[in-house]
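> Residue numbers (this note's numbering): 1 to 157. Quick reminder that beta carbons are idealized off the backbone N, C-alpha and C, glycines included. All values reported here derive from a predicted model rather than from experimental measurement.
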């Protein structure tokens, strides 16, 4: 549920109507975030391009793990559900996702998956708490600086 007034489908025109139709075709529905972004279609377009550039440089599974960890720490049920749905639909079973959300350290994930989720959570909780050892740990797990940058940007997006 959006707290802002949104533009009803029947009143949408121009770029807003185009965005609604595109999401309907792609997702089968128009998400709340699209309806809120409808107040500023140019911002929505820019956000979609930024989000696509972030996702495009990452493994989609990693992107979803990172974003669900960030969403959980931010206590965003909307984003947690949205990213959790992608994980269930494409990568994990429902019980596996539940295990990950309850305790990723005991959920049987690869160490690198746990580490990127931990970094995402730490970033949104207190970015100033990230240390060189956090980055070195990710490097030791085989991530390049570009991979680490992608995790940071995905968590903050």
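(1) Taking just the CA atoms, how far does residue 127 sit from residue 45?
(2) What runs of the alpha helix (DSSP H), each 4 residues or longer, lie entirely inside the region 90-114?
(3) May I have the straight-line CA-CA distance separating residue 47 from residue 54, to the nearest angstrom?
(4) Starting from the Cα of residue 7, find the closest Cα among 130, 134, 37 and 66 and give me that residue.
(5) Helix or strand or just coil, what does DSSP make of residue 30?
(6) For the alpha helix (DSSP H) containing residue 61, name the first residue and the last one.
With the given structure in hand:
(1) 27 Å
(2) 94-103
(3) 10 Å
(4) 37
(5) coil
(6) 60-74
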